[in-house]
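Each residue of the first sequence is one higher than the one before, starting from 116 at the first, in our numbering. Following: one structure in structure tokens, then a few remarks.
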Amino acid sequence: MRSSLVYHTNPYDVKVKRDMPELPEVETLRRSLRPAIVGRTIVGIRGETFPDVMGGELIDEVSRRLAGNQIEDLTRRGKYLFFLLSDGSSLLIHLRMTGRLILAPRDAPPIRFEHLALELDGELDLRFGDQRKFGRVLHILPADVMALRRRIGVEPLTARFSARRLETLLTGRNSKIKSILLDQRLIAGLGNIYVDEALHLAAIHPERRAGALSQLEISRLHRAIRRVLREGLRNRGTSFSSFEDANGERGRNQHQLRVYGRARKNLPCLRCGHPLSLLVVGGRTTHYCPTCQLPHAYTEPGN
DNA sequence: TGTTATGTTGCCAT
DNA sequence: TATGGCAACATAAC
């Protein structure tokens, strides 16, 4: 039995995230959170936590600064959430690998690995929990928000992310295409799962050199990225971990995953039937089809 | 009981 | 500047 059972039995959960958050998961979280918190006033923030979660700041100091602020909006860039506050500052939250955000009544018991609680009016808490303590909750000034947003790459589901734009990003790059797609400074929001899915859908080997992709391949990749992200969103951001959740609360996107998690189970490629393979690229476990995703550009027979 | 893997990012060395 | 490796951390799974 997985210890996450407590989440499922918590009747106060407006939103439960157990999946590793990539763009579809963070966006799903934003959509579920936004109507419940926009317009509310922050009372304070409390918690017993590790120093780095708030960038080394003391909770009491941040609490004093936040108190009295109204949450005017909740936006997302890549995998970052921005809570826009009435004094112009922002609360930035990144869940990294195991971060959780859950709405709960003030008197509800702590969630597992709870580190911080943002206290809102109406006796509502936004609880932040993180098993591995990689996640961050930072109170930042407008100038720093701007600086950060400039460092984050293009949003892959907007019109700005065209095939032409992708081509520009890849041109002259010697890194493996998978590493490039995971670089948040170039494209925002892709993680290990959706990158593997997109590369398989586009029939591109993850170790191909980014700058060596043909225009046709770039075009396929562009469409594949948008498609797998949209599918993830449509399925409410559910990903692989919940597929394995012993509690049975499964999202829907596991049914759409074409390679991720299937290689380890010796399952066949859904396109060609050949067994899928595992590989480590840039230190990340990589799932691919050795038949559909060849390590060199495809050439028409006879050429 | 130990060892290994885990979906992210930032920092550091080259 | 580009690139690649690894640490940060705690737990589950083997």
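Ideal placement from N, C-alpha and C gives every residue a C-beta, glycine not left out.
I186 is positioned such that its CB atom lies no closer than 8 Å to that of I160. Contact annotation: the region 249-264 touches the region 205-219, with at least three C-beta pairs closer than 8 Å. Secondary-structure assignment with DSSP links I255 through a beta bridge to S205.
DSSP links A219 through a beta bridge to D240. DSSP places S334 in the helix class (H, G or I) of the three-state scheme.
Cβ-Cβ distances below 8 Å link P220 to Y127, E238, L239 and D240 in the same chain, with the five nearest sequence neighbours on each side left out; the list follows chain order.
For secondary structure counted as the alpha helix (DSSP H) over 4 or more consecutive residues, the region 267-315 holds these complete runs in sequence order: 278-285 and 292-297. Judged by DSSP secondary structure, T190 falls within the beta strand (DSSP E) whose first and last residues are I186 to R192.
DSSP places L138 inside the alpha helix (DSSP H), whose first and last residues are L138 to I152. For V168, the closest of G214, S294 and G287 by C-alpha to C-alpha distance is G214. If you check the CB distance, L301 and L284 come in under 8 Å. Taking 8 Å as the cut-off, the beta carbon of L218 is found no closer than this to the beta carbon of V141. Taken atom to atom, the span from the alpha-carbon of H337 to that of L235 is near 41 Å. The C-beta separation of P271 from L297 comes to about 12 Å, leaving the pair out of contact by the 8 Å criterion.
Each residue's CA atom was taken as its position, placing A274 and L281 some 12 Å apart.
Judged by DSSP in its simplified three-state form, V177 adopts helix. Boundaries of the beta strand (DSSP E) harbouring I157: I157 to R161, taken from the DSSP string. Exclusion of the five residues before and after D202 leaves N184 as the residues of its chain whose Cβ lies within less than 6 Å of its Cβ. S178 is classed as buried because its beta carbon has at least 16 other beta carbons within 10 Å across all chains shown. If you draw a 10 Å sphere on the C-beta of E229, you find 16 or more other C-beta atoms in it, and that means buried. Taking a C-beta distance under 8 Å as the contact criterion, G347 and Y309 qualify as a contact pair. Within the same chain, and ignoring the five residues on either side of R264 in sequence, the residues whose Cβ sits closer than 6 Å to its Cβ are R192.
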